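Visitor: In our numbering, the protein residues as written are 995 to 1342. Quick reminder that beta carbons are idealized off the backbone N, C-alpha and C, glycines included. Note that the coordinates shown come from a computational prediction; the quantities given were computed from them, not determined experimentally.
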């Protein structure tokens, strides 16, 4: 009788611990989006920015800014709706092919170049940054270049000096040599790199990277997290391994992303056949790529789990290439592909 009671208690305890353990995100559904860049947008090197709810992408280039629905490919001309052409002409600015959302979807940030008729040299325009309020179509213009919004406050933007408050003009400086491993709660933004933000400090404190920095196409590559460094020389105070090593002939492809909570890293890796010409992003060579695998790594524990393979969705087009993003609400992953429409994953 006592043995039976002990067994029941053991099973109940195990079930409780299993239920309480953090669960890796899983793919609930997926679809191939009909959205495509136009020929002009491709020629202008248009950039994309996934909306916080995962339903659309902001398309930005020098002479086009639009919002495209991922399920229908219908576009809203934000250049017309927000009066961007008139604003650019009035201020002698040219918007560039970058853009960023605030986490709540209420603001868009777009960098621009200012051509001053009094500067005497139009070859070196001054950087400026616009924040558009999508609720009332108003904007603010700042005389610096910013990278992204804060994941905690849509009135804060991240520039080279710190995190600037667009309401009161104050700046939170970057802390020197902060040990990001001590932080318990994070936020995330993704620009050129994926940044991990400390909620207690309100600034970016870490970013994804790979080692060795001078790796050749023949070298295995390790995915790591490093302390955020705002200015050169690039000497991160802390570096920790995720335990993920991309072994040749495979190749990391569309970037490394933190999930919105900062608990996981999403790694996109080409699966490659041995070939005299190795698969590579730069210079681009993907003739020997037979699949792309998306893997999730819980970086604190180095646990990992395969999320999906693109061959499960579209066996004829398996090369992830270009823009990849995870929506701020955690619901959606967007994956660009070479010579094929993007894939949209819905998560649970």
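Going by DSSP, what residues sit across from residue 1041 in a beta bridge?
Guide: Along the chain shown, one-based indexing puts residue 1041 at 47. The partner list for residue 1041 (beta bridge, DSSP) reads 1054.
Visitor: Cutting at 8 Å between CB atoms, please list the residues of its own chain near residue 1066, excluding the five before and the five after it.
Guide: Within the chain shown, numbered from 1, the residue matching residue 1066 stands at position 72. Only 1028 meet the Cβ criterion.
Visitor: Determine the extent of the beta strand (DSSP E) in which residue 1314 is found, giving its start and end residues.
Guide: As a first step, residue 1314 must be located in the chain shown, where it is residue number 320. Element bounds for residue 1314: 1314-1320.
Visitor: Just to confirm, are residue 1086 and residue 1110 a CB contact at a threshold of 9 Å?
Guide: Locating residue 1086 in the chain shown gives position 92, where the first residue counts as 1. Locating residue 1110 in the chain shown gives position 116, where the first residue counts as 1. Contact annotation: residue 1086 and residue 1110 have beta-carbon atoms nearer than 9 Å.
Visitor: Hey, could you find the ends of the beta strand (DSSP E) residue 1070 is sitting in?
Guide: The residue you call residue 1070 lines up with position 76 of the chain shown. First-last of the beta strand (DSSP E) with residue 1070: 1069-1071.
Visitor: Tell me which same chain residues have a C-beta within less than 8 Å of the C-beta of residue 1056, skipping the five on either side of it?
Guide: Locating residue 1056 in the chain shown gives position 62, counting from the first residue. Cβ neighbours of residue 1056 beyond the five flanking positions: 1038, 1088, 1089, 1090 and 1091.
Visitor: Quick check: the Cα distance between residue 1077 and residue 1033, rounded to an integer number of angstroms?
Guide: As a position in the chain shown, residue 1077 is number 83, starting the count at 1. As a position in the chain shown, residue 1033 is number 39, starting the count at 1. Going by the C-alpha atoms only, they are around 23 Å apart.
Visitor: Measure the alpha-carbon distance for residue 1300 versus residue 1184 and round it to whole angstroms.
Guide: Residue mapping note: residue 1300 aligns to position 306 of the chain shown, counting from 1. Residue mapping note: residue 1184 aligns to position 190 of the chain shown, counting from 1. So the two alpha carbons sit approximately 22 Å from each other.
Visitor: From residue 1327 to residue 1340, what does the alpha carbon distance come to, in whole angstroms?
Guide: As a working note, residue 1327 is residue 333 in the chain shown. As a working note, residue 1340 is residue 346 in the chain shown. If I take the Cα positions, the gap works out to 7 Å.
Visitor: Under the assumption that residue 1290 contacts residue 1019 (Cβ atoms under 8 Å), give the Cβ distance between them as a whole number of angstroms.
Guide: Against the chain shown, residue 1290 aligns to sequence position 296. Against the chain shown, residue 1019 aligns to sequence position 25. About 7 Å; that satisfies the 8 Å criterion.
Visitor: Need the endpoints of the beta strand (DSSP E) that residue 1263 sits in, please.
Guide: Locating residue 1263 in the chain shown gives position 269, where the first residue counts as 1. Residue 1263 -> beta strand (DSSP E) spans 1258-1266.
Visitor: May I ask whether a heavy atom of the ligand GTP can be found less than 8 Å away from the beta carbon of residue 1215?
Guide: In terms of ligand content, the structure shown is empty, and the ligand GTP therefore cannot be addressed.
Visitor: Near residue 1214, which residues of its chain fall below 8 Å by C-beta distance, leaving aside the five closest residues on each side in sequence?
Guide: Numbered from its first residue, the chain shown carries residue 1214 at position 220. The residues are 1239, 1240, 1241 and 1242.
Visitor: Taking residue 1059 as the reference, which of 1093, 1280, 1047 and 1068 has the closest Cα?
Guide: In the chain shown, residue 1059 corresponds to position 65, counting from 1. The option with the nearest alpha carbon to residue 1059 is 1093.
Visitor: Does the contact criterion of 3 or more C-beta pairs under 8 Å hold for the segment 1218-1230 versus the segment 1134-1144?
Guide: no
Visitor: What does DSSP give as the partner residues of residue 1279 in its beta bridges?
Guide: For the purposes of this step, residue 1279 is taken as the residue at position 285 of the chain shown. Its beta-bridge partners are 1274.
Visitor: Just the Cα atoms here: how many angstroms apart are residue 1254 and residue 1201?
Guide: Counting from 1 along the chain shown, the entry for residue 1254 is found at position 260. Counting from 1 along the chain shown, the entry for residue 1201 is found at position 207. Computed Cα separation, rounded: 13 Å.
Visitor: At 3 residues or longer, and completely inside the segment 1118-1147: list those beta strand (DSSP E) runs for me, N to C.
Guide: 1120-1127, 1132-1136 and 1140-1143
Visitor: Helix, strand or coil: which one does DSSP assign to residue 1061?
Guide: The sequence position of residue 1061 within the chain shown is 67, counting from 1. If DSSP states are grouped into helix, strand and coil, residue 1061 belongs with the strands.
Visitor: Which whole-angstrom value is the C-beta distance of residue 1107 and residue 1119, which I expect to be below 8 Å?
Guide: Position 113 of the chain shown, counted from the start, is the residue given in the question as residue 1107. Position 125 of the chain shown, counted from the start, is the residue given in the question as residue 1119. Confirmed, about 4 Å.
Visitor: Which value, in whole angstroms, describes the spacing of the CA atoms of residue 1163 and residue 1148?
Guide: The residue given as residue 1163 occupies position 169 in the chain shown. The residue given as residue 1148 occupies position 154 in the chain shown. Roughly 14 Å separates the two Cα atoms.
Visitor: Nearest chain C C-beta to residue 1333 closer than 9 Å, yes or no?
Guide: Within the model displayed, chain C is absent; a lone protein chain is all it includes.
Visitor: What first and last residue would you give for the alpha helix (DSSP H) that runs through residue 1082?
Guide: Walking along the chain shown from the start, residue 1082 turns up at place 88. Per DSSP, residue 1082 belongs to the alpha helix (DSSP H) from 1078-1085.
Visitor: Across which residues does DSSP place residue 1331 in a beta bridge pair?
Guide: Stepping through the chain shown from its first residue, residue 1331 is reached at position 337. The partner list for residue 1331 (beta bridge, DSSP) reads 1314 and 1334.
Visitor: Have a look at residue 1008 and residue 1260 and give me their C-alpha separation to the nearest angstrom.
Guide: Translated into positions along the chain shown, residue 1008 becomes position 14. Translated into positions along the chain shown, residue 1260 becomes position 266. At residue 1008, the pLDDT of 41 sits below 50, so the modelled position is not reliable; the number obtained from the coordinates is stated separately. Straight-line Cα distance between these residues: approximately 29 Å.
Visitor: Let's see if you can read the secondary structure: which residues bound the beta strand (DSSP E) around residue 1180?
Guide: For the purposes of this step, residue 1180 is taken as residue 186 along the chain shown, with counting starting at 1. From DSSP, the beta strand (DSSP E) with residue 1180 extends over 1180-1184.
Visitor: What is the DSSP secondary structure of residue 1033, reduced to helix, strand or coil?
Guide: Sequence index remark: in the chain shown, residue 1033 carries index 39 (1-based). In the structure shown, the three-state DSSP call for residue 1033 is helix.
Visitor: Check for me: the beta strand (DSSP E) holding residue 1216 runs from which residue to which?
Guide: Taking the first residue of the chain shown as position 1, residue 1216 is located at position 222. Note, residue 1216: beta strand (DSSP E), 1215-1221.
Visitor: Who are the near neighbours of residue 1040 in its chain, counting only those whose CB is closer than 8 Å to its CB and skipping five residues on each side?
Guide: Counting from one through the chain shown, the residue named residue 1040 turns up at place 46. Cβ within range, chain order: 1031, 1053, 1054, 1055, 1058 and 1091.
Visitor: Does the beta-carbon distance from residue 1157 to residue 1196 come in below 9 Å?
Guide: Within the chain shown, the letter at position 163 stands for residue 1157. Within the chain shown, the letter at position 202 stands for residue 1196. Against a cut-off of 9 Å, the Cβ pair of residue 1196 and residue 1157 comes out as a contact.
Visitor: By the 10 Å Cβ neighbour count, where 16 or more other Cβ atoms means buried, how is residue 1176 classified, buried or exposed?
Guide: Here residue 1176 refers to the residue found at position 182 when the chain shown is read from its first residue. Exposed, since its Cβ has fewer than 16 Cβ neighbours within 10 Å.
Visitor: Where does residue 1177 fall in DSSP's three states?
Guide: Working through the chain shown from its first residue, we reach residue 1177 at position 183. For residue 1177, the secondary structure class from DSSP, reduced to helix, strand or coil, is coil.
Visitor: If you drop the 5 nearest sequence neighbours on each side, which residues of the same chain put their C-beta closer than 7 Å to that of residue 1285?
Guide: Mapped onto the chain shown, residue 1285 falls at position 291. Excluding residues within five positions, the ones whose Cβ falls inside 7 Å are 1265, 1303, 1304, 1305 and 1312.
Visitor: Can you tell me the Cβ-Cβ gap for residue 1187 and residue 1256, rounded? I've got them flagged as a contact below 8 Å.
Guide: One-based indexing of the chain shown puts residue 1187 at position 193. One-based indexing of the chain shown puts residue 1256 at position 262. Actually they are not in contact, since the Cβ atoms of residue 1187 and residue 1256 sit about 14 Å apart, beyond 8 Å.
Visitor: Residue 1084: buried (16+ other C-beta within 10 angstroms of its C-beta) or exposed?
Guide: To locate residue 1084, count along the chain shown from 1; it is residue 90. By the 10 Å Cβ count, residue 1084 comes out exposed.
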